[in-house]
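**Student:** In this note's numbering, the protein residues as written are 6 to 315.
Backbone N, C-alpha and C fix where the C-beta goes; we use that ideal spot for every residue, glycine too.
1. With distance defined between alpha-carbon atoms, name the residue in 265, 206, 254 and 266 nearest to residue 280.
2. Closest to residue 317 by C-alpha separation, out of 192, 56, 270 and 77, would be which residue?
3. Shortest alpha-carbon distance to residue 166 belongs to which of 192, 219 and 205?
4. Whose C-beta lies closer than 7 Å to the C-beta of residue 143 among residues of the same chain, with five residues either side of it excluded?
5. From this set, 189, 262, 175 and 64, which residue's C-alpha is nearest residue 155's C-alpha?
6. Determine whether the beta carbon atoms of residue 263 and residue 186 lie at a separation below 8 Å.
7. Please classify residue 164: is it buried, with 16 or more other beta-carbons within 10 angstroms of its beta-carbon, or exposed?
8. Please list, in chain order, all residues of the same chain as residue 66 whose beta carbon is under 6 Å from its beta carbon, the five residues on each side excluded.
9. Short check: CB of residue 249 to CB of residue 101, under 8 Å?
10. Residue 292 to residue 83, Cα distance in whole Å?
11. Mapping the DSSP letters down to three states, classify residue 35 as helix, strand or coil.
12. Taking the alpha helix (DSSP H) that residue 269 falls in, what are its first and last residues?
13. Assign residue 90 to one of three DSSP states: helix, strand, or coil.
14. Do the stretch 47-54 and the stretch 234-244 make contact, defined as three or more Cβ pairs closer than 8 Å?
15. Which residue from 260, 195 and 121 puts its Cα closest to that of residue 230?
16. Can you tell which of 158, 266 and 282 has the C-alpha that lies nearest to the C-alpha of residue 106?
17. Can you tell which of 68, 80 and 295 has the C-alpha that lies nearest to the C-alpha of residue 147?
18. Pick from 124, 104 and 122: whose alpha carbon is nearest that of residue 133?
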């Protein structure tokens, strides 16, 4: 899913490769001349400090803590982790940021691209089933206390947070009347009321082929896909979308889910829920995160289903 740049002639642009994807940012009328440097610094910070593939970064420090130990983290990491825990509670555990060991067990030990992986361990590591957070958050000191062995993999919600934070800064601090931040398909856009952004939804098997087009003035979009990040482990096919209740790759006749809603983190989590719930139960679960949404599902037979909340 990508924003289309062909009608952005009056906008200033930034294109950046980061987090194993392409970032595309376009804004109009911003009064901060060095916004590109600021945005590049923000995205590079997230790429460096929130990646689970860099054990010596800020996230790695948290994952190395023993139960009972405490660490001070930066305000953005504190915020995204707290938000991720709130989503875990809202989704009753279907979404979980505590699946690092499970991801590694299924063979996702290296950054993409890769096609196959070796088996890691003999059984799925114990998942986070505690009704309470496995981490204690101290809002006065920005410290986090670890309460369990569970380790963090921010994954898509980290990128969604980065996109949403960038968009809010450009709009509220930078004064951009219209703009779009596209982080590899996690998109937030806003408009002066006239600008309408055109966004293409890619085919799950043919990334350059579009299955649908979306026009949006204000809002966020996220897409989850079980085809793109998949690999062979022993004789089975694995993918990156795990059920937080089981630690196993989701089994669904849905290949791809696109959600349009009011912010990028909501859209990211809601897209994942589309693989774990069905019909009225799914609609109820989505409304529990944000009642204002539209959904586009691509099924195994490549048919498309759409539905809306309020």
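**Tutor:** Reading off the structure:
1. Counting from one through the chain shown, the residue named residue 280 turns up at place 275. Checking every option, the nearest Cα to that of residue 280 belongs to 254.
2. No statement about residue 317 is possible, as the shown extent of the chain runs from 6 to 315 and does not include it.
3. In the chain shown, the residue the question calls residue 166 occupies position 161. Selected option, being the one with the closest Cα: 192.
4. Sequence index remark: in the chain shown, residue 143 carries index 138 (1-based). By the criterion of a C-beta distance shorter than 7 Å, residue 143 is surrounded by no residue of its chain, once the five residues flanking it on both sides are discounted.
5. What you label residue 155 is simply residue 150 of the chain shown in a count that begins at 1. Checked all of 189, 262, 175 and 64; the closest Cα to residue 155 is 64.
6. Taking the chain shown and counting its residues from 1, the one referred to as residue 263 is at position 258. Taking the chain shown and counting its residues from 1, the one referred to as residue 186 is at position 181. The criterion of a C-beta distance shorter than 8 Å is not satisfied by residue 263 and residue 186.
7. Numbered from its first residue, the chain shown carries residue 164 at position 159. When all chains shown are included, residue 164 counts as buried.
8. Here residue 66 refers to the residue found at position 61 of the chain shown. Contacts found: 76.
9. As a first step, residue 249 must be located in the chain shown, where it is residue number 244. As a first step, residue 101 must be located in the chain shown, where it is residue number 96. Result yes, Cβ atoms of residue 249 and residue 101 sit closer than 8 Å.
10. To locate residue 292, count along the chain shown from 1; it is residue 287. To locate residue 83, count along the chain shown from 1; it is residue 78. Between residue 292 and residue 83, the C-alpha separation is close to 26 Å.
11. Taking the chain shown and counting its residues from 1, one reaches residue 35 at position 30. Taken through DSSP and simplified to helix, strand or coil, residue 35 comes out as coil.
12. Mapped onto the chain shown, residue 269 falls at position 264. Its alpha helix (DSSP H) spans residues 269-278.
13. Within the chain shown, the letter at position 85 stands for residue 90. In the structure shown, residue 90 sits in a helix (DSSP, three-state: H, G or I).
14. Contact between the stretch 47-54 and the stretch 234-244 is absent, because fewer than three Cβ pairs lie under 8 Å.
15. The residue given as residue 230 occupies position 225 in the chain shown. Of the candidates 260, 195 and 121, the one whose C-alpha sits nearest the C-alpha of residue 230 is 260.
16. Indexing the chain shown from 1 puts residue 106 at position 101. Nearest option by C-alpha distance: 158.
17. As a position in the chain shown, residue 147 is number 142, starting the count at 1. Answer by Cα proximity: 80.
18. For the purposes of this step, residue 133 is identified with residue 128 of the chain shown, where counting begins at 1. Checking every option, the nearest Cα to that of residue 133 belongs to 104.
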